[in-house]
Every structure is written in C-alpha cells, then in structure tokens.
Ligand SMILES: NC(=O)c1ccc[n+]([C@@H]2O[C@H](COP(=O)([O-])OP(=O)(O)OC[C@H]3O[C@@H](n4cnc5c(N)ncnc54)[C@H](OP(=O)(O)O)[C@@H]3O)[C@@H](O)[C@H]2O)c1
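Numbering (the numbering used here), first residue to last: 979 to 1234.
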C-alpha cells in the first residue's frame, strides 16, 4: 500500500463528529455549554446534563437545536449513583449509543485552606469532581462503541496545586490518574481517553476577584475563554491518535 493511500485511510478513520451522540456532564453553563454548541455546529447530537439550573440548560438546548442537533436534557447529580443510572438510561433510550463522553461537571470549593476544610466539604469536592467520573464512565462504557471518545476535565490545579484548595487539587490530580489508567484499559478497543487541564477560565466557577488575581499571575495576562477550552475538547474528539494525554490550556502559567 502506498504512503499516500495509507494517509488517506488514516484521515478517514479520524472521528467525524457529524451524526455522533455526545453526553456532556455539566453542559448547561461555562465550558460544557460552549462544548455543546461546538459539537452541534459540527453536526453532533447532544445530551446536556445539569444539576439544578434548568433555564440555563434549556437555553443551550435551543441554541444547539437551532444548529440542527437533536438534544436531550438530563437533570441529575453526577455524584449520585441512582441519578447517573437515570441519566445514562435516558440518553441511551433516545440515541441508542454513546459515542463521545465529556466528563465536565465540577464545582469549586468554598474554603481554600486545609484547616478551614471540613470532612463534609472534602467529601463533596471529591465526590462531585472525581467520583462522578467513575460513576458516569462505568455506567456509560457498555454503550460506548469501539473508536469512541472520553474527555475528562482536570485542571492546572491537578498538576501544580493551584490556589483554590487541596481538596480541589486532589480531585483534579485524581482525574489525571484515572485518565491514564483508563487510556491503558481501553486502548485495545481504540477508545481514546484524554484530559484537559485548563488554567482559570471565564465562567461562573470562580469569582471575579480570583479571575483578576489569576490573570495577573498568567504570563499571557488573561484567563481563558470557555471557547478556548471547548476548542481543545473538539480537537481531542476529532484526533484518533492523541491517547492518554493531559492537554494544558493555561496561557503559560504552568509548563511541563
Ligand atoms: N472555570 C475554570 O477556571 C476551570 C479551570 C480548570 C478546570 N475547570 C473545570 O472545568 C469543568 C467545568 O467548569 P466550568 O467553569 O464550566 O463550571 P461552571 O460554569 O460553574 O458550570 C458547572 C456545570 O456543572 C454542573 N454541575 C455542577 N455540579 C454538578 C453535579 N453534582 N451534577 C451534575 N452537574 C453539575 C452545573 O450545572 P447547574 O447549572 O445545574 O448547576 C454546570 O452545568 C469543571 O470540572 C471545572 O473544575 C474549570
């Protein structure tokens, strides 16, 4: 087989989003919302999970539908096993399979210093940011076909500690280990598993004061837009040979 024919074949096997079905946890706001819109623009169908803010989810749904996507809204807390079972069942009842899983839902903590953090706050952060990925991925995996995609939202904090608390940093570092282990496990099925590690992003997750402080600490002197993170997620969906990777998007704040 000539090199040119081989390259053409490889181009064909890289995932085309058109017609694929994607579940985005925490798809109603911020990075998840922007990712839903970018998938819709490329012809994908979307399950938008959210926890409580239905109006926001409905707004994203309308935008995606206006771009031609089929959409299902999936309310539920991704840290609760029964909610996760319901979310996946409703998604699969509608679409029949789950080609792309974006494990994005997450929260920032109230307290940042160890001595101020209660056991309940520690558990809440770990459960919503990290355990949710285990629950959602485990429930979704039987419906993810060979060649599917899993993208997990970590953070710069998972690599260098960050500034919003050891429980947040531990949850995001855990996601990196989870991503590596799952990438090894799922390689035989050609299911790509990767993570994105953003620096601060202009969403509601962090306060304006924190955004201002972190902009000053960033070499490029600003924080990321949600689109810049969604763009990275799209790249990971569309490229079949990036596997077991953690992609930094942080304006040069942390380089490794
Ligand atoms: N923003 C940043 O600076 C930054 C930096 C690095 C990494 N990240 C990570 O990127 C991801 C998205 O962050 P974001 O900034 O886009 O957050 P965001 O704007 O605050 O949006 C969070 C989304 O997650 C949903 N959510 C929260 N808890 C949930 C739960 N228990 N079950 C289901 N859905 C839940 C929210 O739903 P409701 O609207 O119903 O509450 C919302 O859709 C998170 O994992 C975050 O840790 C963010």
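In this text, a Cβ means the ideal position worked out from N, Cα and C, and glycines have one as well.
Are the CB atoms of residue 1096 and residue 1089 nearer to each other than 9 Å? By one-based count along the chain shown, residue 1096 stands at place 118. By one-based count along the chain shown, residue 1089 stands at place 111. Against a cut-off of 9 Å, the Cβ pair of residue 1089 and residue 1096 comes out as a contact.
Can you determine whether any heavy atom of ligand 1 sits closer than 8 Å to the C-beta of residue 1178, and answer yes or no? Taking the first residue of the chain shown as 1, we reach residue 1178 at position 200. Yes - ligand 1 has a heavy atom lying nearer than 8 Å to the Cβ of residue 1178.
Report whether the distance from the Cβ of residue 1095 to the nearest heavy atom of ligand 1 is below 8 Å. Position 117 of the chain shown, counted from the start, is the residue given in the question as residue 1095. No, the beta carbon of residue 1095 sits no closer than 8 Å to any heavy atom of ligand 1.
If you draw a straight line from the alpha carbon of residue 1212 to that of residue 1023, how long is it in whole angstroms? Walking along the chain shown from the start, residue 1212 turns up at place 234. Walking along the chain shown from the start, residue 1023 turns up at place 45. About 14 Å.
Report back the beta-carbon spacing between residue 1177 and residue 1202 to the nearest angstrom; my notes put them in contact at under 8 Å. The sequence position of residue 1177 within the chain shown is 199, counting from 1. The sequence position of residue 1202 within the chain shown is 224, counting from 1. About 6 Å; that satisfies the 8 Å criterion.
Between residue 1075 and ligand 1, is there a pair consisting of the residue's CB and a ligand heavy atom that are separated by less than 8 Å? Within the chain shown, the letter at position 97 stands for residue 1075. It does not: the Cβ of residue 1075 is nowhere closer than 8 Å to a heavy atom of ligand 1.
May I have a chain-ordered list of the alpha helix (DSSP H) segments no shorter than 4 residues that lie completely inside the region 1052-1090? 1059-1073
Please list, in chain order, all residues of the same chain as residue 1027 whose beta carbon is under 6 Å from its beta carbon, the five residues on each side excluded. Along the chain shown, one-based indexing puts residue 1027 at 49. Correct list, in chain order: 1003, 1005, 1052 and 1065.
Is any non-hydrogen atom of ligand 1 found closer than 8 Å to the C-beta of residue 1005, if you look at the structure I gave you? As a working mapping, residue 1005 is identified with position 27 in the chain shown. Correct: residue 1005 has its Cβ closer than 8 Å to ligand 1.
Which residue marks the beginning of the alpha helix (DSSP H) containing residue 1153, and which one marks its end? The residue you call residue 1153 lines up with position 175 of the chain shown. Residue 1153 -> alpha helix (DSSP H) spans 1144-1164.
Local Cβ density within 10 Å of residue 1077, reported as buried at 16 or more and exposed below that: Looking up residue 1077 in the chain shown gives position 99. Residue 1077 comes out buried.
Give a single yes or no on whether residue 1172 has its beta carbon closer than 8 Å to a heavy atom of ligand 1. In the chain shown, residue 1172 corresponds to position 194, counting from 1. Incorrect: residue 1172 has no Cβ contact closer than 8 Å to ligand 1.
Using 8 Å as the cut-off, can you tell me whether the region 1008-1020 makes contact with the region 1134-1145, which would need three or more C-beta pairs spanning the two stretches below that distance? no
Pick out whichever of 1145, 992 and 1172 has its Cα sitting closest to the Cα of residue 1101. Stepping through the chain shown from its first residue, residue 1101 is reached at position 123. Comparing Cα-Cα distances from residue 1101 to each of 1145, 992 and 1172, the minimum goes to 1145.
Compare the Cα-Cα distances from residue 996 to each of 1080, 1104, 1215 and 1086 and report the closest residue. Indexing the chain shown from 1 puts residue 996 at position 18. Comparing Cα positions, the closest option is 1215.
Is residue 1172 helix, strand or coil by DSSP? Taking the first residue of the chain shown as position 1, residue 1172 is located at position 194. The answer is strand: DSSP assigns residue 1172 an E or B state.
Helix, strand or coil: which one does DSSP assign to residue 1109? One-based indexing of the chain shown puts residue 1109 at position 131. If DSSP states are grouped into helix, strand and coil, residue 1109 belongs with the helices.
Cβ of residue 1185 within 8 Å of any heavy atom in ligand 1? In the chain shown, the residue the question calls residue 1185 occupies position 207. No, the Cβ of residue 1185 stays beyond 8 Å of every heavy atom of ligand 1.
Within this structure, are the beta carbons of residue 1173 and residue 1224 separated by less than 9 Å? Translated into positions along the chain shown, residue 1173 becomes position 195. Translated into positions along the chain shown, residue 1224 becomes position 246. Yes, these two residues count as a Cβ contact at 9 Å.
Within 10 Å of its beta-carbon, does residue 1029 have 16 or more other beta-carbons around it, so buried, or fewer, so exposed? One-based indexing of the chain shown puts residue 1029 at position 51. Buried: at least 16 other Cβ atoms inside 10 Å.
Hey, out of 1220, 1117 and 1181, whose CA is closest to residue 1060's CA? If you number the chain shown from 1, residue 1060 lands on position 82. Considering only alpha carbons, the answer is 1117.
How about residue 1131: is its Cβ closer than 8 Å to a heavy atom in ligand 1? By 1-based counting over the chain shown, the position of residue 1131 is 153. Answer for residue 1131: yes, Cβ within range of ligand 1.
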